[in-house]
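*Asks:* Chains as they are written, first to last, in numbering that gives the first Met the number 0: chain D, 0 to 371; chain A, 0 to 371; chain X, 0 to 371; chain L, 0 to 371.
4 protein chains.
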Amino acid sequence: MSMEIELGRGKRARRAYTFDDIAVVPSRRTRNSSDVSTTWSIDAFTFDTPIIGAPMDSVVSPKTAIALGRMGALGVLDLEGLWTRYEDPEPLLAEIASLPAVSATRRMQALYAQPIRPELITQRIAEIREAGVVVAGALSPQLTQEHYETVVKAGVDLFVIRGTTVSAEHVSSAAEPLNLKQFIYDLDVPVIVGGAGTYRAALHLMRTGAAGVLVGFGGGAASTTRASLGIHTPMATAVADVAGARRDYMDESGGRYVHVIADGSIGTSGDIVKAIAMGADAVMLGVALARATDAPGLGYHWGAEAHHPSLPRGRRVAVEQVATMEEVLYGPAQVADGTTNLVGALRKSMATTGYSDIKEFQRVDVVVTPYE
Amino acid sequence: MSMEIELGRGKRARRAYTFDDIAVVPSRRTRNSSDVSTTWSIDAFTFDTPIIGAPMDSVVSPKTAIALGRMGALGVLDLEGLWTRYEDPEPLLAEIASLPAVSATRRMQALYAQPIRPELITQRIAEIREAGVVVAGALSPQLTQEHYETVVKAGVDLFVIRGTTVSAEHVSSAAEPLNLKQFIYDLDVPVIVGGAGTYRAALHLMRTGAAGVLVGFGGGAASTTRASLGIHTPMATAVADVAGARRDYMDESGGRYVHVIADGSIGTSGDIVKAIAMGADAVMLGVALARATDAPGLGYHWGAEAHHPSLPRGRRVAVEQVATMEEVLYGPAQVADGTTNLVGALRKSMATTGYSDIKEFQRVDVVVTPYE
Amino acid sequence: MSMEIELGRGKRARRAYTFDDIAVVPSRRTRNSSDVSTTWSIDAFTFDTPIIGAPMDSVVSPKTAIALGRMGALGVLDLEGLWTRYEDPEPLLAEIASLPAVSATRRMQALYAQPIRPELITQRIAEIREAGVVVAGALSPQLTQEHYETVVKAGVDLFVIRGTTVSAEHVSSAAEPLNLKQFIYDLDVPVIVGGAGTYRAALHLMRTGAAGVLVGFGGGAASTTRASLGIHTPMATAVADVAGARRDYMDESGGRYVHVIADGSIGTSGDIVKAIAMGADAVMLGVALARATDAPGLGYHWGAEAHHPSLPRGRRVAVEQVATMEEVLYGPAQVADGTTNLVGALRKSMATTGYSDIKEFQRVDVVVTPYE
Amino acid sequence: MSMEIELGRGKRARRAYTFDDIAVVPSRRTRNSSDVSTTWSIDAFTFDTPIIGAPMDSVVSPKTAIALGRMGALGVLDLEGLWTRYEDPEPLLAEIASLPAVSATRRMQALYAQPIRPELITQRIAEIREAGVVVAGALSPQLTQEHYETVVKAGVDLFVIRGTTVSAEHVSSAAEPLNLKQFIYDLDVPVIVGGAGTYRAALHLMRTGAAGVLVGFGGGAASTTRASLGIHTPMATAVADVAGARRDYMDESGGRYVHVIADGSIGTSGDIVKAIAMGADAVMLGVALARATDAPGLGYHWGAEAHHPSLPRGRRVAVEQVATMEEVLYGPAQVADGTTNLVGALRKSMATTGYSDIKEFQRVDVVVTPYE
């Protein structure tokens, strides 16, 4: 247990840390970058790199999902985004990229009000599958019951349930809530579910049988949940807490290893390094991939919270387009700010601190040293 | 007791926290927004939402008091403001909104030098009462003895005594100070009194028989008391301390529940969430409501400290007009920065963290995580 | 003793606090401003207000020394400044105020290279004395032996020895250093000496027989000692430490009370409040008085470090001219930023927190709450 | 051991401090600047001042190495920089200084892709040797085996092996890594090696027989390793830790004193003071010397990381040219920001705090007080 702080009479709190609060430190050993492995395996699937494209329309289209797969990463398509609401969303992506800031939220609220068409879910998944890469699609917990059969029938390899906060114990008086445990038990495909930001929430999600847990709460570049909801999940602490749940659950389950996937606040290669250092098995990237010149966001980035009909909690933000998706992942970098050659930087950081694989690197030393 | 810090030999201090220092964290349970209640009851009065418009000329006019009442909130009229000094203050409000920054303080010092006219107190209260909403008016502790009979005769439902710091034990050699305990005992209507910023000050105010205590010390958007007086009341700690006094006083009084109303530093829906998380029963809003297009401040905001004749300790500040008062409270929001749909955001935050009413939500977990 | 922090193996340090790190908090009692006394007495002299104009050419000329004296404060003339090097320094003050930033240091190095003329020391002191106010002049420890006889003969009431750091134990191989103890013992007039920034340094200065100790190390608005020398004396901690030395020395000396004068980092009325709250008996003001329209700096402010011939450690800085010296001290204020009505604000702060004199107010509660 | 912080379940970290987090404090004694010695001796060599020019093309050319030597300091030539790749690098230095920001990295990647010519190593070292100053050259650990014989044959007095992180235990599957211990044992000249950022890493380097250890990890003005690699070595803590290793190694080795050289984050004279206060014997300066009008960088500064072919982790940064190299070291200063008269400021700081030599000054008191 960490030291509790008394905020005032009868109200105590932990200090929680962001990636900006910490840094990795070298050990006494170094290693060649070429001797380092960044391989990540979940269920039957193995990837060259523990990088997942987030299910956001600015990050993953069917085309980028295929491209990411071919580059040894994983792209997750948002099955409630423009690609399942419109036959041809490309003109709409271009329109979003051209909206003036003042009316962007309003127009996006209108665009995403269009209903989801199940046949488009099927079609998008088929497109990706045909390319021969690992297929992953995401639904929100709210719409999972409505659409999951379409998704499963269309044939995904990994099923992602992603909301700002997903709990194993949702209470509703209106409708019977999704019973995650039963749902996952019944499903044939492995499920990755989140966000969770605490040890307890994550432990309960692990007990549902999920293959992976997303750690986060919309804390990313395009989010305003802290101003809007007062909720914030400092990621360094959250990842460490969920990694702690992974260890305890492994013991309690007699050996089931649930993957911890950091999802949020990861904007640079340095943040990827820190996420793994805190215990993540893989990272889900939004803005870091939206910066690619061939990302579907065309220089803009937004999440599902940005177009909520009555309570948007995020924004469409402009991002600098720094390089192609391949250069973003593998370089060569021509700028030195952690936005390109993400995998090269991860490799170099592991080598410099003397570690040879992702699992080992979770044990690297860190220090608390806030950015000045 | 919280950990004391030694500042230097023989001088110790507590670390005190602002709302910006903290954030609410999700628990393992989630809930539907529609299952959440934001109801607040004080004395015989029940409100849909625990939101109170502050007695400031930029926030509450008789018209806004009525509008807030009809929307399930409470507006408190400043009975020492322009509305009780002038027959028709609307041209003056327009003038204040058009003053150049350099001369605003000087002109406001002149405008507020005009005497208070008791018949206008009576008239303003009557206007609000006729609309059928809960009537609340505020006096400063300095002028309470002079005007309270007019106020009570005019018929208020809730009587607010509000100063930057109000103590149960004011010492004066010049005049007999207000004996709060006797005053409240003699009065027929429930009294809300403050600001108090510490456990002891609040406990003494509770013992006077007040129905509610305002927590704060002019720490809001329009205040400069920290630069001017060196005084500051970090609100997260102050609310928790006063909530602690509420609990102890309830025990000592054999069950009297005194409401804790956070008054200051609440600019966004996220701050409302945090105030309640720290133990507040309701929040008194200034700048957050002054941002309404139909607020009386017409895009400006100021408190009584801004026009003190010799020692102004606040400023008239320009605020962005974001939406109508109704949209500020209930949405739909078209910007995502915590300035509109305050009640929707509170509801969503309670739902996301699994709580169903305000009282329960006071127990939600928080973390210390300063804004970067 | 305060909690020590381990910076690294074998190197420990205390956390030290600035005025910006702290704030005063109200207690459970309040008081009328008119019932508050700000009187300060040192040796045979009593002042309406514990405010001292710093011996800096931008703050105190003979004319301002007289004006401050008449307003119940004390102005200390720098006896190594322009007024003792030039017959008529006013054109030079005007020239300094008109220098472009890029050449200001160089020109000031030249202006202050002119030798000090003893007859001008005599003349300046006589001017002030004739006005009937308390006369105080300052020398640096380096030049005290050379000029003190002139000073004493000219007739000062308070003798100030002020350097960035003054110790009771200066070591020099070149010349016999000033023996402070002997010097003070031999002198007829009370001596105020500093700066000191630590308990030990202050205790040793107190043992020399000084009437007052200046707390500080050039930490003010015009100083760059932190960048240049790596030295910094966070004032909240320094004042508390020296106040601790005052208490211990009073015990050890059988009752001699040495005044603690905060000298540095005091830019607003809020800072004056905090300095006294940490234990100061009086405050020495630089920039706060240089802001007066009738201050000799004509909108600029600098200290002796700014014109050191080979290692300047400060700058001539432009300051906003906010009001007359009288309004700066006593108001009325027409801006609300702690730069005018310094005494009114101190009074109000003492009243709001329930204290009635300076000595009592040294016990007021403070909290640690860094400026956001 | 310092207090550990729990970041989250199962992940603990130390708080680490930068130079900006700390300041030196005066003691009770002061001293004359002229009585202070800044002499530094390593192996058979003695320098007037503990200042080393970093092996970076923007800081040290053969000409500046000679100039620094004549001024009592030490300049280390980068033997993998432009001077050993090109017959006449001066036009290329001028070109780098004229590159637009957007293409600087790309062009530098190309310029530094040119092979190193051993005969130029020989020639550059000869030039410096002829001037009669102490000769020091640096190789990276990667190229040490390839070029050290050329270097030794050319005749260096001090051999520097400098990388972002150098460990005594490099692991490589591709080639036999440099066995530092054997290498240093076989070599005739004293070796300075680093960077190391931790107690353990430094202790292992000390055991290789090195005469000095560089403390740092490219944390300087021109580096972006924190954003890129997530690695950061807060220098105050790192220097103290390595000074701790020096003490422990001295015990374990029966008296061998290994010099601790702070290398990174030292931009002003204040930082030099703090580095020594934390235990450094000498400092290696980059940007602080690149600011000289006669530095080879011509107003720009960069390190080897800035031109890495696939993963640049630094930038060419523009620096203000403040004075000649001699004025940077010895003044007189005409600006007061810690960029000129570095040695004078160090001297003054030691005198003000009462210390007379570098070794003693390592014991000066410091406080933790972050820059506001």
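We put the CB at the ideal spot given by N, CA and C, even for glycine.
Closer than 9 Å, Cβ to Cβ, to anything on chain L: give me those residues from the region 17-30 of chain D, in chain order.
*Replies:* Correct list: Phe18, Asp20, Ile21, Ala22, Val23, Val24, Pro25, Ser26, Arg27, Arg28, Thr29, Arg30.
*Asks:* Whole angstroms are fine: how far does the CA of His258 (chain X) sit from the CA of Asp250 (chain A)?
*Replies:* Taking the straight line from one Cα to the other gives about 47 Å.
*Asks:* Closest to Tyr198 (chain L) by C-alpha separation, out of L:Ile21, L:Ser166, L:Val188, would be which residue?
*Replies:* Of L:Ile21, L:Ser166, L:Val188, the residue nearest in Cα terms is L:Ser166.
*Asks:* Taking 8 Å as the cut-off, does the region 56-70 of chain A touch the region 296-311 of chain A (at least 3 CB pairs, one atom from each stretch)?
*Replies:* Yes, since at least three Cβ pairs between the region 296-311 of chain A and the region 56-70 of chain A fall closer than 8 Å, the two stretches touch.
*Asks:* Quick check on the burial criterion: 16 or more other C-beta atoms within 10 angstroms. Buried or exposed for Gln361 (chain D)?
*Replies:* It is buried - the Cβ of Gln361 (chain D) has at least 16 other Cβ atoms within 10 Å.
*Asks:* Since Ile4 (chain L) meets chain D, which of its residues come closer than 7 Å, beta carbon to beta carbon?
*Replies:* Under the 7 Å cutoff, chain D gives Val367.
*Asks:* Hey, quick one: how far does the alpha helix (DSSP H) through Glu3 (chain X) stretch, first residue to last?
*Replies:* That residue, Glu3 (chain X), is in no alpha helix (DSSP H); its beta strand (DSSP E) goes 3-7.
*Asks:* For chain A, find out if any of its Cβ atoms is closer than 7 Å to the Cβ of Lys180 (chain D); answer yes or no.
*Replies:* Taking Cβ atoms only, chain A never reaches closer than 7 Å to Lys180 (chain D), which makes this a no.
*Asks:* Can you tell me whether DSSP reads Thr29 (chain D) as helix, strand or coil?
*Replies:* Thr29 (chain D): strand per DSSP, three-state reduction.
*Asks:* Kindly list, in the order they appear in chain C, the residues whose Cβ is closer than 8 Å to that of Gly215 (chain D).
*Replies:* Absent from the structure: chain C. Protein chains present are D, A, X and L.
*Asks:* Is Tyr256 (chain A) close to chain D? Criterion is C-beta to C-beta, closer than 7 Å.
*Replies:* Tyr256 (chain A) does not count as touching chain D.
*Asks:* Given a limit of 8 Å on CB to CB distance, which residues of the region 264-285 of chain D reach chain L?
*Replies:* Per Cβ criterion, the list reads Thr267, Ser268, Gly269, Asp270, Ile271, Val272, Lys273, Ala276, Met277, Gly278.
*Asks:* Do Pro311 (chain D) and Thr29 (chain D) have their C-beta atoms closer together than 7 Å?
*Replies:* Not a contact, by the Cβ cut-off of 7 Å.
*Asks:* What residues in the region 325-353 of chain X bring their beta carbon closer than 8 Å to a beta carbon of chain A?
*Replies:* The residues in question are Gly330, Pro331, Ala332, Gln333, Val334, Ala335, Asp336, Gly337, Asn340, Gly343, Ala344, Lys347, Ser348, Thr351, Thr352, Gly353.
*Asks:* Tell me, please, whether the CB atom of Leu177 (chain D) is closer than 7 Å to any CB atom in chain A?
*Replies:* Not one chain A Cβ lies under 7 Å of Leu177 (chain D).
*Asks:* Indicate whether at least one CB of chain D lies closer than 7 Å to the CB of Asp185 (chain A).
*Replies:* Not one chain D Cβ lies under 7 Å of Asp185 (chain A).
*Asks:* Is any beta-carbon of chain L found at less than 7 Å from that of Gly229 (chain X)?
*Replies:* Judged by the 7 Å Cβ criterion, Gly229 (chain X) is in contact with chain L.
*Asks:* Do the region 92-104 of chain X and the region 120-137 of chain X make contact, defined as three or more Cβ pairs closer than 8 Å?
*Replies:* Verdict: no, contact absent.
*Asks:* Given a cut-off of 7 Å, decide if Thr232 (chain A) and Phe216 (chain A) are closer than it, judged by their beta-carbon atoms.
*Replies:* The answer is yes: Cβ separation under 7 Å.
*Asks:* To the nearest angstrom, how far is the alpha carbon of Glu371 (chain X) from that of Leu76 (chain X)?
*Replies:* Note on Glu371 (chain X): pLDDT 49, under 50, position unreliable in the model; no value is reported.
*Asks:* Would you check if the region 259-266 of chain L and the region 22-36 of chain X touch, i.e. whether three or more CB-CB distances between them fall below 8 Å?
*Replies:* Cβ pair count under 8 Å is below three, so no.
*Asks:* How should Tyr111 (chain D) be labelled, buried or exposed, when 16 other C-beta atoms within 10 angstroms of its C-beta is the threshold for buried?
*Replies:* Burial call: buried.
*Asks:* Any chance the region 240-247 of chain D sits against the region 199-210 of chain D, with 3 or more Cβ pairs inside 8 Å?
*Replies:* Output reads yes: the region 199-210 of chain D touches the region 240-247 of chain D.
*Asks:* Identify the residues that DSSP records as bridge partners of Gly302 (chain L): which are they?
*Replies:* DSSP, once it has assigned bridges, lists no residue as partnering Gly302 (chain L).
*Asks:* One question on the structure: do Asn31 (chain X) and Ser171 (chain A) come within less than 7 Å of each other, judged by their Cβ atoms?
*Replies:* In contact: Asn31 (chain X) and Ser171 (chain A) (Cβ atoms closer than 7 Å).
*Asks:* Roughly how many angstroms separate the alpha carbons of Gln108 (chain D) and Thr339 (chain A), rounded to a whole number?
*Replies:* If I take the Cα positions, the gap works out to 16 Å.
*Asks:* Within 10 Å of its beta-carbon, does Glu79 (chain L) have 16 or more other beta-carbons around it, so buried, or fewer, so exposed?
*Replies:* Answer is buried; the Cβ neighbour count reaches 16.
*Asks:* Please list, in chain order, the residues of the region 234-245 of chain A that have any C-beta partner in chain D closer than 9 Å.
*Replies:* Listed in sequence order: Ala235, Thr236, Ala237, Val238, Ala239, Asp240, Val241, Ala242, Gly243, Ala244.
*Asks:* Gly278 (chain L) and Val238 (chain L) - do their beta-carbons sit closer together than 7 Å?
*Replies:* In contact: Val238 (chain L) and Gly278 (chain L) (Cβ atoms closer than 7 Å).
*Asks:* Between the alpha carbons of Gln141 (chain X) and Val134 (chain X), how many angstroms are there, rounded?
*Replies:* Each residue's Cα considered, the two are about 22 Å apart.
*Asks:* Could you tell me the boundaries of the beta strand (DSSP E) in which Glu251 (chain D) lies?
*Replies:* Careful: Glu251 (chain D) lies outside any beta strand (DSSP E), inside the alpha helix (DSSP H) at 234-251.
*Asks:* Less than 7 Å separating the beta-carbons of Pro189 (chain X) and Ala210 (chain X)?
*Replies:* Contact: yes.
*Asks:* Once DSSP output is grouped into helix, strand and coil, what is the label at Val282 (chain A)?
*Replies:* Strand.
*Asks:* Return yes when the Cβ of Val367 (chain A) is within less than 7 Å of the Cβ of Asp20 (chain A), no when it is not.
*Replies:* Yes.
*Asks:* Answer yes if the region 270-290 of chain L comes into contact with the region 41-51 of chain L, meaning at least three C-beta pairs across the two stretches below 8 Å, and no otherwise.
*Replies:* Yes: at least three Cβ pairs fall under 8 Å.
*Asks:* Strictly by DSSP, which residues pair up with Leu213 (chain A)?
*Replies:* According to DSSP, which records beta bridges pairwise, Leu213 (chain A) is partnered with A:Gly193, A:Ile260.
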